[in-house]
Amino acid sequence: MATGPKVQCTKCTKNAAIIACEGCSAKFCRQCFNGHRQDLSKELDNITYEHDMFKQQLEGPKADGPHRLLKQIDEWKKDSVNKINQLADQCRTDVVKLLDKNKEQLVHRFRKITNSVRKGRDDEDYDERDLIRWMSQLKELKDELIRPSNVRVEEDRQTSPWIQKIRISEGVLEQVKINEGKSWLRPAQLC
Numbered sequence: 001m002a003t004g005p006k007v008q009c010t011k012c013t014k015n016a017a018i019i020a021c022e023g024c025s026a027k028f029c030r031q032c033f034n035g036h037r038q039d040l041s042k043e044l045d046n047i048t049y050e051h052d053m054f055k056q057q058l059e060g061p062k063a064d065g066p067h068r069l070l071k072q073i074d075e076w077k078k079d080s081v082n083k084i085n086q087l088a089d090q091c092r093t094d095v096v097k098l099l100d101k102n103k104e105q106l107v108h109r110f111r112k113i114t115n116s117v118r119k120g121r122d123d124e125d126y127d128e129r130d131l132i133r134w135m136s137q138l139k140e141l142k143d144e145l146i147r148p149s150n151v152r153v154e155e156d157r158q159t160s161p162w163i164q165k166i167r168i169s170e171g172v173l174e175q176v177k178i179n180e181g182k183s184w185l186r187p188a189q190l191c
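Residue numbers (full-length UniProt numbering): 1 to 191.
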């Protein structure tokens, strides 16, 4: 019976290999094989530890607060509200300026009516038509004070939305490469 040369241990290269590992296909002497099994056992312990830690995260209370995606939505809301408040403040300032300007014009028109009424009374030169005209002019001024005809608030539909709308999308994982029985996954492109 002919025997071939002895295969050396892959790890220590001193002793003859007597056992092959099915997982990594390396050939070991008894001592190195025992060490290899201990290394595998330590890796399994690490995996078990990571498994248990992840399980605690899944089942445990939310100690670290809301999820980062919820925080992102809250930040968008805060930024949007700040933008709205800034624009509303600017619009209020503009309206106050326009109302003050409008009021100055109303005061000028009111003085003309006042002078006309006084002159009519002093001269006793008025009749029903004057009374109706003066009352109509006063009513017009009151209406103009309450609802100015030259000032209005309206939405600008010609410009792009000032606050960017957000949306929630769910990514789907797709298989892109199969290599030696292992699947490599990447997120699918979102439209």
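Cβ coordinates follow ideal geometry from the N, Cα and C atoms, glycine included. Just so we're clear, the structure is a prediction, and the values are computed from it rather than from any experiment.
Per DSSP, the bridge partner or partners of residue i
| i | result |
| --- | --- |
| residue 193 | Lying outside 1 to 191, the shown extent of the chain, residue 193 is not represented and no answer is given. |
| Q56 | According to DSSP, Q56 bridges with nothing at all. |
For residue i, the three-state DSSP class (helix, strand or coil)
| i | result |
| --- | --- |
| Q72 | helix |
| K137 | In the sequence as displayed, the identity of residue 137 is Gln instead of Lys. Helix at Q137. |
| Q8 | strand |
| D94 | helix |
| N150 | coil |
| D143 | helix |
| H67 | coil |
| N34 | helix |
| I163 | coil |
| T48 | helix |
Between the CA atoms of residue j and residue i - distance to the nearest angstrom
| i | j | result |
| --- | --- | --- |
| M135 | K101 | 24 Å |
| E22 | M53 | 30 Å |
| D45 | E75 | 40 Å |
| A20 | R37 | 12 Å |
| G4 | C24 | 23 Å |
| L87 | I163 | 11 Å |
Inset, instruction - Take every Cβ of the region 98-114, pair it with every Cβ of the region 137-157, and state whether three or more of those distances are shorter than 8 Å. - result: yes
Legend entry - Three-pair Cβ contact test at 8 Å for the region 2-15 versus the region 32-46: yes
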